[in-house]
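Asks: Sequence lines, in order, name chains A and B. Per the numbering used here, residue 3 is the first one in the first sequence, and the count goes up by one each step. Per the numbering used here, residue 634 is the first one in the second sequence, and the count goes up by one each step. C-beta atoms are modelled at their ideal positions from N, C-alpha and C, and glycine is treated no differently. Shown below is the structure under consideration.
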Amino acid sequence: MMSEVDYSDLEFDEEKYYLGTLCKRNHDWNSTGCSLRYNNKSACGACVRCKEEHKLGVIIASDYVEHICLKCEYCGESIKLKKSVYLQRKEKGAKYTFCSTKCSAMYYGEKRRKRRKFCANCGEEYFNQNLKYCCKECANKGIEDKVVLICRVCGSEYSVSRSKAIRSKTCSVDCRIVYVTSKNKKSIYEEEDLEKRQLNIKRRSRIRRTHFKTALSKAESTTDERERREIRELVEAAIDYHIVVLDTNNLIQRRSNG
Amino acid sequence: MAEDKTYKQLAWDELMEAKEETKDLFNQIKNGEVDLNKAKEMNYANRTRSYEVRDMANLAPMMD
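Rendered as structure tokens:
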């Protein structure tokens with residue numbers, strides 16, 4: 003249909019218009035290869051000439067406003083959406099398009115339910131996303147899961163729950179007072195006995211590496227858990243014996259040297 | 634019965650026995666209950682035995 007509106011004498015006003023892509027009715031403005039479009043939000047970048055034609059009843063609205071056909075992500079119903087609205091939603095970070103708020107709620111509700119979460123105690127799957135355990139019994143059992151630590155002040159063994167094990171240092175309030183008030187936050191026990199223990203660990207690992215390779219390789223290769231445990235216990239006992247022999251030897255050497 | 638025992642069990646028994654003896658020797662030397670020359674002799678025998686026991690413990694899992 004031929005245009006009845008003459009807008010060739012229309013001046014280009016930067017505040018009102020901009021030169022956008024050629025509209026689908028090919029309204030070329032002054033042979034620029036672009037269509038003159040509105041700047042303001044209400045017009046949504048519509049072609050000026052198309053809008054004028056719509057006012058005169060030459061064309062209908064859908065002919066000059068660009069639309070996009072999409073499908074509802076939940077029910078699959080087709081949706082006709084303004085391109086500008088679609089782009090606005092995209093800018094805001096919307097991933098999916100829905101025909102209604104109901105569809106949106108249903109979709110995200112199902113997605114949330116599908117997200118897999120397992121109980122930290124029994125390993126069963128459950129739906130509440132904010133909790134660590136599936137039920138009260140599992141929560142109680144999880145709290146009972148304790149780790150044995152050595153007090154840095156008195157050196158005695160004590161147990162705490164696994165979650166507190168990282169920051170726990172002392173066994174009691176009294177020990178804590180000693181630990182906090184001591185200089186450099188280090189007690190005599192920590193300086194001497196811990197070093198001894200670490201040396202002992204190093205010594206044991208050295209003996210294990212040098213003398214019991216064969217037994218340990220057998221333990222690694224076997225699939226039977228019980229047998230593996232037995233071999234490891236035997237090796238550890240043999241290391242104990244080896245250390246006693248070495249200590250006796252050292253003691254004799256020290257005594258003979260005076 | 635010794636015949637029914639596995640190599641691991643035999644090694645374990647031997648190990649415990651040798652360990653007790655060495656510990657006794659260690660305590661005796663520490664407390665000065667034994668003469669140093671005699672202790673050296675005993676220790677020499679102990680060390681020889683310790684190599685045997687160590688090899689036994691190391692190889693027993695392969696034998697079973």
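Measuring alpha carbon to alpha carbon, tell me which residue in 79/A, 252/A, 244/A is nearest residue 653/B.
Replies: 244/A
Asks: Assign residue 69/A to one of three DSSP states: helix, strand, or coil.
Replies: strand
Asks: Does the stretch 143 to 153 of chain A come within contact of the stretch 168 to 178 of chain A, defined as at least 3 CB pairs closer than 8 Å?
Replies: yes
Asks: Is residue 99/A closer than 9 Å to residue 116/A when the C-beta atoms are compared?
Replies: No. Outside cutoff.
Asks: Examine chain B for any beta-carbon lying closer than 9 Å to the beta-carbon of residue 220/A, and answer yes or no.
Replies: It does; some Cβ of chain B falls within 9 Å.
Asks: What does DSSP give as the partner residue(s) for residue 83/A in the beta ladder?
Replies: 70/A
Asks: Would you kindly work out how many angstroms separate the C-alpha atoms of residue 93/A and residue 181/A, rounded to a whole number?
Replies: 56 Å
Asks: Give a yes or no on whether the minimum CB-CB distance between residue 258/A and chain B is below 9 Å.
Replies: yes
Asks: Assuming the contact rule is C-beta atoms closer than 8 Å, residue 241/A and residue 203/A should be a hit. Round their C-beta distance to whole Å, please.
Replies: The pair is not a contact, with the Cβ atoms about 11 Å apart (cut-off 8 Å).
Asks: Once DSSP output is grouped into helix, strand and coil, what is the label at residue 152/A?
Replies: strand
Asks: List the residues of chain B that residue 227/A touches, going by C-beta distances under 9 Å, in chain order.
Replies: Chain B residues near residue 227/A: none, gap ~14 Å exceeds 9 Å.
Asks: Find the nearest neighbour of residue 18/A within the set 42/A, 29/A, 158/A, 234/A, judged by alpha-carbon distance.
Replies: Here the closest residue by C-alpha is 42/A.
Asks: Please list the terminal residues of the continuous beta strand (DSSP E) segment that includes residue 12/A.
Replies: Where residue 12/A is concerned, there is no enclosing beta strand (DSSP E), given that its DSSP letter is neither H nor E.
Asks: I want to see whether chain A comes within less than 9 Å of residue 651/B, judged by CB atoms only; does it?
Replies: It does; some Cβ of chain A falls within 9 Å.
Asks: Return no unless some Cβ of chain A is closer than 9 Å to the Cβ of residue 664/B.
Replies: Not closer than 9 Å to any Cβ of chain A, the Cβ of residue 664/B fails to qualify, so no.
Asks: Can you grab the Cα-Cα spacing for the pair residue 114/A / residue 107/A, in whole Å?
Replies: 11 Å
Asks: What is the C-beta distance between residue 237/A and residue 690/B, in whole angstroms, given that I count them as a contact (C-beta under 8 Å)?
Replies: 7 Å
Asks: What do you get for residue 129/A, buried or exposed, if any count of 16 or more other CB atoms within 10 angstroms of its CB means buried?
Replies: exposed
Asks: DSSP three-state call for residue 260/A: helix, strand or coil?
Replies: coil
Asks: Return the CA-CA distance between residue 257/A and residue 657/B, expressed in angstroms with no decimal places.
Replies: 17 Å
Asks: Span of the beta strand (DSSP E) holding residue 22/A?
Replies: 19 to 22
Asks: Compute the distance between the beta-carbons of residue 694/B and residue 227/A, then report whether it is under 9 Å.
Replies: no
Asks: Residues of the stretch 666 to 686 of chain B in Cβ contact with chain A at a cutoff of 8 Å, in chain order, please.
Replies: 669, 672, 673, 676, 679, 680, 683, 686
Asks: Would residue 638/B count as contacting chain A if we go by Cβ distances under 9 Å?
Replies: Chain A contact via Cβ: absent.
Asks: Between residue 135/A and the rest of its own chain, which residues show a CB-CB distance below 7 Å, the 5 nearest in sequence each way excluded?
Replies: 121, 122, 123, 141, 144
Asks: Helix, strand or coil: how does DSSP classify residue 160/A here?
Replies: strand
Asks: According to the neighbour-count rule (16 or more other Cβ atoms, all chains shown, within 10 Å of its Cβ), is residue 6/A buried or exposed?
Replies: Because residue 6/A sits at a pLDDT of 49, beneath the cut-off of 50, its placement in the model cannot be relied upon, and the point is left open.
Asks: Could you name the residues of chain A that residue 696/B contacts, counting a contact when the two beta carbons are closer than 7 Å?
Replies: By Cβ distance, chain A contributes nothing, its closest Cβ being about 10 Å from residue 696/B, past 7 Å.
Asks: Establish whether the CB of residue 215/A and some CB of chain B are separated by less than 9 Å.
Replies: yes
Asks: Specify the secondary structure class of residue 39/A as computed by DSSP and reduced to three states.
Replies: strand
Asks: Would you verify that the beta carbon of residue 236/A is, or is not, closer than 9 Å to some beta carbon of chain B?
Replies: yes
Asks: If you draw a straight line from the C-alpha of residue 659/B to the C-alpha of residue 139/A, how long is it?
Replies: 52 Å
Asks: Can you confirm whether residue 243/A, when its beta carbon is compared against all beta carbons of chain B, has any partner nearer than 9 Å?
Replies: yes
Asks: Where does residue 119/A sit, in a helix, a strand or coil, going by DSSP?
Replies: In the structure shown, residue 119/A sits in a strand (DSSP, three-state: E or B).
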